[in-house]
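Read in order, the letters of the sequence shown correspond to residues 138 to 360 in my numbering.
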Amino acid sequence: MTREQIIDVAEDMARREGLESVTVRRVSAEIGVTAAALYWHLEDKQDLVRALVDRASARIERPGPEYGTWYERLVRFYLSTREEFSAYAGLSGALMTAEPTDATLQNCLFVLEVLQHAGFDEPTALSLFDTLSTFSWGHLMMIDMSRINVQRAGSEGSAAYTQRVRALINDRPEYAVFVRSLRHFNDRRNETQLVRGIELIVTSAAAASGISVPSSSRFAYAT
138 MTREQIIDVA
148 EDMARREGLE
158 SVTVRRVSAE
168 IGVTAAALYW
178 HLEDKQDLVR
188 ALVDRASARI
198 ERPGPEYGTW
208 YERLVRFYLS
218 TREEFSAYAG
228 LSGALMTAEP
238 TDATLQNCLF
248 VLEVLQHAGF
258 DEPTALSLFD
268 TLSTFSWGHL
278 MMIDMSRINV
288 QRAGSEGSAA
298 YTQRVRALIN
308 DRPEYAVFVR
318 SLRHFNDRRN
328 ETQLVRGIEL
338 IVTSAAAASG
348 ISVPSSSRFA
358 YAT
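And the structure:
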């Protein structure tokens with residue numbers, strides 16, 4: 138048994154059942170060893186969670202100049218982040234709380250380098266990076282919220298859940314669109330919400346700095 142084998146089992150479990158299901162006891166049982174045996178390779182459960190965050194972060198695309206414009210590279214990076222972390226229910230929260238790893242720091246550096254290459258000075262690039270990261274993490278958390286709502290509907294019985302939500306919407310019909318969005322936020326088609334948000338953030342910052350955002354055949358943005 139190696140550390141990588143342990144992480145493999147934990148990753149598969151997280152993909153199937155979500156991060157909350159991953160415990161040292163369950164992982165050791167699936168491997169067929171005692172929980173104590175895992176601690177020869179792990180410091181604690183948080184060490185295992187860090188390893189999962191690092192592995193998912195390492196798979197995020199950091200497109201080179203050959204991919205397209207700086208804007209296209211930036212959008213592709215955040216879409217790849219969505220793809221990797223939405224595959225594991227609950228892992229986005231760990232991304233925000235886990236200690237930095239080599240992969241997460243490389244991802245941060247990638248965004249800063251792309252923004253500075255686009256013409257943003259360092260303080261503005263750092264501020265824009267913070268804003269984009271906050272938006273991206275919030276988007277991932279909304280995906281997890283959508284999953285929780287769907288699970289809640291299933292565990293309570295769809296009829297009871299539907300009746301309660303319908304009563305809420307009947308009282309306040311203006312809630313209807315928002316409630317539907319929470320139920321379906323995990324639909325991969327809704328990645329356009331992420332692209333539109335990045336568009337608004339980047340184009341606003343670019344306009345304030347006198348920087349032109351190049352047109353994109355991959356990711357259209359409003360002019």
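For each residue, glycine too, the CB sits at the ideal point set by N, CA and C.
No experiment lies behind these values; they were computed from the predicted model shown.
Top-ranked residue by Cα proximity to residue i, from the options
i      : options                        : result
Leu265 : Ala345, Glu203, Leu232, Leu189 : Ala345
Ser341 : Thr171, Ala262, Arg162, Ile143 : Ala262
Met278 : Gln253, Met233, Ile144, Glu198 : Met233
Asp145 : Ala188, Ile348, Asp308, Phe257 : Ala188
Ala255 : Arg152, Thr160, Ser349         : Ser349
Arg333 : Asp181, His276, Asp184         : His276
Glu180 : Glu148, Phe257, Ile143, Ile335 : Ile143
Arg284 : Trp274, Ala231, Ser270, Ala226 : Ala226
Asp258 : Ser353, Gly347, Thr329         : Gly347
Residue environment, residue i, which counts as buried when at least 16 other CB atoms sit within 10 Å
i      : result
Leu267 : The sequence as given places Asp at residue 267; Leu does not occur at that position. Asp267 should be labelled exposed.
Phe356 : buried
Asp281 : buried
Asn244 : buried
Thr171 : exposed
Glu141 : exposed
Thr374 : Residue 374 is absent from the structure shown; the chain starts at 138 and stops at 360.
Glu236 : exposed
Ala343 : buried
Ala147 : buried
Thr86  : It is not possible to answer for residue 86, since the shown part of the chain is limited to 138 through 360.
Ser354 : exposed
Leu337 : exposed
Leu175 : buried
Expected contact under 8 Å - CB spacing of residue i and residue j to nearest Å
i      : j      : result
Tyr208 : Pro351 : 6 Å
Phe214 : Val248 : 7 Å
Met150 : Arg163 : 7 Å
Leu216 : Val251 : Rounded, the Cβ-Cβ distance is 14 Å, inconsistent with contact.
Leu228 : Leu331 : At roughly 17 Å, the Cβ-Cβ gap does not stay under 8 Å, so Leu228 and Leu331 are not in contact.
Ile335 : Leu269 : 7 Å
Per-residue DSSP class, three states only, for residue i
i      : result
Arg333 : helix
Ile280 : helix
Ser273 : helix
Asp145 : helix
Met233 : helix
Thr268 : helix
Ile338 : helix
Ala226 : coil
Asp258 : coil
Trp177 : coil
Gly347 : coil
Val170 : coil
Thr218 : helix
Glu209 : helix
Phe356 : coil
Met138 : coil
Glu250 : helix
Pro200 : coil
Thr241 : helix
Residue-chain proximity (residue i, chain B), Cβ-Cβ < 9 Å
i      : result
Cys245 : The question asks about chain B, but that chain is absent: this structure has only one protein chain.
Q: Count the CB pairs spanning the segment 185-203 and the segment 213-224 that are closer than 8 Å, and state whether there are at least three.
A: yes
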